[in-house]
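Participant: The opening position of the sequence shown corresponds to residue 3 in my numbering, with each subsequent residue numbered one higher.
Take this structure first; my questions come after.
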Amino acid sequence: MIVDVQERDGTGIAFEPATELVPADERARLLIDPGFGRVFTDHMAIIEYDEQNGWHDARITARQPFTMDPASPVLHYAQEIFEGMKAYRRPNGGAALFRPDANARRFAKSAIRMAMPPLPEEMFLESVRALVSTDREWIPETEAGSLYLRPFMIANGSFLGMRSSTRFIYAVIASSVGAYFKNDSASVSLWVTREYVRAAPGGTGEAKCGGNYAGSLVAQAEAIRRGCDQVVFLDAVERRWVEELGGMNVFFVFDDGSIQTPPLDGTILHGVTRDSLLRLARDMGLTVREEPYSIDQWKADAESGRLTEAFACGTAAVVTPIGRVKEADGEFSIGGQSSGPLTLRLRSALVDIQRGSAPDPYGWIQQID
Ligand code: COI
Numbered sequence: 003m004i005v006d007v008q009e010r011d012g013t014g015i016a017f018e019p020a021t022e023l024v025p026a027d028e029r030a031r032l033l034i035d036p037g038f039g040r041v042f043t044d045h046m047a048i049i050e051y052d053e054q055n056g057w058h059d060a061r062i063t064a065r066q067p068f069t070m071d072p073a074s075p076v077l078h079y080a081q082e083i084f085e086g087m088k089a090y091r092r093p094n095g096g097a098a099l100f101r102p103d104a105n106a107r108r109f110a111k112s113a114i115r116m117a118m119p120p121l122p123e124e125m126f127l128e129s130v131r132a133l134v135s136t137d138r139e140w141i142p143e144t145e146a147g148s149l150y151l152r153p154f155m156i157a158n159g160s161f162l163g164m165r166s167s168t169r170f171i172y173a174v175i176a177s178s179v180g181a182y183f184k185n186d187s188a189s190v191s192l193w194v195t196r197e198y199v200r201a202a203p204g205g206t207g208e209a210k211c212g213g214n215y216a217g218s219l220v221a222q223a224e225a226i227r228r229g230c231d232q233v234v235f236l237d238a239v240e241r242r243w244v245e246e247l248g249g250m251n252v253f254f255v256f257d258d259g260s261i262q263t264p265p266l267d268g269t270i271l272h273g274v275t276r277d278s279l280l281r282l283a284r285d286m287g288l289t290v291r292e293e294p295y296s297i298d299q300w301k302a303d304a305e306s307g308r309l310t311e312a313f314a315c316g317t318a319a320v321v322t323p324i325g326r327v328k329e330a331d332g333e334f335s336i337g338g339q340s341s342g343p344l345t346l347r348l349r350s351a352l353v354d355i356q357r358g359s360a361p362d363p364y365g366w367i368q369q370i371d
């Protein structure tokens, strides 16, 4: 239920406050241990698009279900993209976003790949800032807590022909989150799928579109059945080169102190966390390689001790050590199956900037209010 439409100071975003807010004591209870992606805030941001009006009707409104025509293209042809980003509580009591401009740029690139109208980057940023500012009380105070923001765009309308839609909805929802992996062990385990691939050259692998994730779910379910936390995908052509995990990028650490991650060759998501870690590592003076790494080499290096650490990274996963890698014909473990020193060092360098316990020499933090 919506009442009292107000203009949000100078942003061009209308504010329609929700009339039924979650009571403060219920919110406090939910924020004690929110898990990942289960607890949602009171509001959402929406901007609509049609050919005649372009992007219009920007508003913060009560979080509520969409009403859609059953012939909406997103329901049939998956014309959809999304982003994942976080807002953090700051030591001064405010809130801050981490590199939101990088998400805005990637969102526009994903839109172009999926034949959708790119949302102007400033509109993306305003919508995210307005939602965080409205629902800032939902940022958990716990050590691993943050407000996970999920901007997305869907094709709506009513037709079944094979062409791009002419009507779209962009929205941002927010979820109070803790750690992505609920597993208490010090590291995660991976299942190497030989049957499924995530992305092929010329496909949509580097776009952040829902279809990439839908296509990975059967392999992820197989990983869980095999007792692992995440699936690891190999390249589609040679079925040899490590690409990325179901929902995160991957890094390798070697006994000479160098680090390596697969190159961005069109099939791998341009992770904002991946990019930030590369920058931090280079500035720490580490040798950094963006080069292909084969699954056979990974196994050989883990067994010889040349590979000392490996970790997954992403907005949701942050930096998570990988302890064990399993295949149909065996498995190998990495280091002591816990956080190695370089993984911990890179993780702290990143998290300290995000949470404001270290200065931000890169201009990555955008303070809200
Ligand atoms: C993110 O890290 O933000 C993602 O989009 C990954 C998703 C699997 C939660």
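Don't be surprised by glycine CBs; every beta carbon is placed ideally from N, CA and C.
Computed from a prediction, not measured in an experiment: that's the story for all the values here.
1) With DSSP collapsed to three states, give me the class of Phe253.
2) If we count the other Cβ atoms within 10 Å of its Cβ and call it buried at 16 or more, is Phe1 buried or exposed?
3) What does Arg152 pair with, by DSSP beta-bridge criteria?
4) Bridge partners for Lys88 per DSSP, in chain order?
5) List in chain order: all unbroken beta strand (DSSP E) runs of 3+ residues lying wholly within the stretch 30-68.
6) Run the CB neighbour count on Gln262, radius 10 Å, all protein chains shown included, and call it buried at 16 or more, exposed below.
7) Report back the beta-carbon spacing between Gly213 and Ala80 to the nearest angstrom; my notes put them in contact at under 8 Å.
8) Could you compute how far the alpha carbon of Thr136 sits from the alpha carbon of Glu22?
9) Taking Thr322 as part of the alpha helix (DSSP H), name the residues at either end of that continuous run.
10) Would you give the residue range spanned by the beta strand (DSSP E) that Gln369 belongs to?
11) Since Gln2 and Phe100 are thought to touch, with beta carbons under 8 Å apart, how far apart are those beta carbons, to the nearest angstrom?
12) Measuring only between beta-carbons, confirm whether Pro19 sits less than 8 Å from chain B.
13) Roughly how many angstroms separate the alpha carbons of Gly14 and Ala60, rounded to a whole number?
14) What residues does ligand 1 have around it, judged by CB closer than 5 Å to any heavy atom, in chain order?
15) So, with DSSP's three-state summary, where would you put Ala201?
16) Count the other CB atoms within 10 Å of the CB of Asp371; is the residue buried (16 or more) or exposed (fewer)?
17) So Leu192 and Ile367 are supposed to be a Cβ contact under 8 Å. How far apart are they, rounded?
18) For Cys315, which residues in the same chain have their Cβ closer than 7 Å to its Cβ, ignoring the five residues on either side in sequence?
19) Residues in its own chain within less than 6 Å of Glu329 by CB, not counting five upstream and five downstream?
20) Following the continuous beta strand (DSSP E) through Ile261, name the residue where it begins and the one where it ends.
21) Excluding the 5 residues flanking Pro153 on each side, which residues of the same chain have their C-beta closer than 6 Å to its C-beta?
22) With respect to the beta strand (DSSP E) encompassing Ala216, which residues constitute its N-terminal and C-terminal limits?
23) Can you check DSSP and say which residues form a bridge with Met134?
24) Do the stretch 161-173 and the stretch 117-125 meet, that is, are 3 or more Cβ pairs less than 8 Å apart?
25) Output needed for Leu247: all residues of its chain with C-beta closer than 6 Å, excluding positions within five of it in sequence on either side, in chain order.
26) At a cut of 8 Å, does the stretch 140-147 reach the stretch 25-41 through at least three beta carbon pairs?
Facilitator: The short version:
1) strand
2) The structure shown has nothing for residue 1, since the chain only spans 3 to 371.
3) Ile175
4) Tyr150
5) Secondary structure in the stretch 30-68: the beta strand (DSSP E) runs of 3 residues or longer, each lying completely within the stretch, are 45-52 and 56-64 in chain order.
6) buried
7) 4 Å
8) 14 Å
9) Thr322 -> not in any alpha helix (DSSP H); beta strand (DSSP E) instead, spanning Val320 to Glu329.
10) Ile367 to Ile370
11) Nothing about residue 2 can be read from this structure; the chain reaches only from 3 to 371.
12) Absent here is chain B; the protein component of the structure consists of one chain.
13) 7 Å
14) Gly86, Gly249, Gly316, Thr317 and Ala318
15) coil
16) exposed
17) 32 Å between Cβ atoms; not a contact.
18) Met250, Asn251, Phe253, Gly273, Thr275, Arg276, Leu279 and Val321
19) Val194
20) Ile261 to Thr263
21) Glu85 and Val174
22) That residue, Ala216, is in no beta strand (DSSP E); its alpha helix (DSSP H) goes Gly212 to Ala216.
23) Before going on, a small fix: residue 134 reads as Val here, not Met. Residue pairing from DSSP leaves Val134 without any beta-bridge partner.
24) Between the stretch 161-173 and the stretch 117-125, the count of C-beta pairs closer than 8 Å reaches three or more; the two stretches touch.
25) Cβ neighbours of Leu247 beyond the five flanking positions: Gln232, Val234 and Ala314.
26) yes
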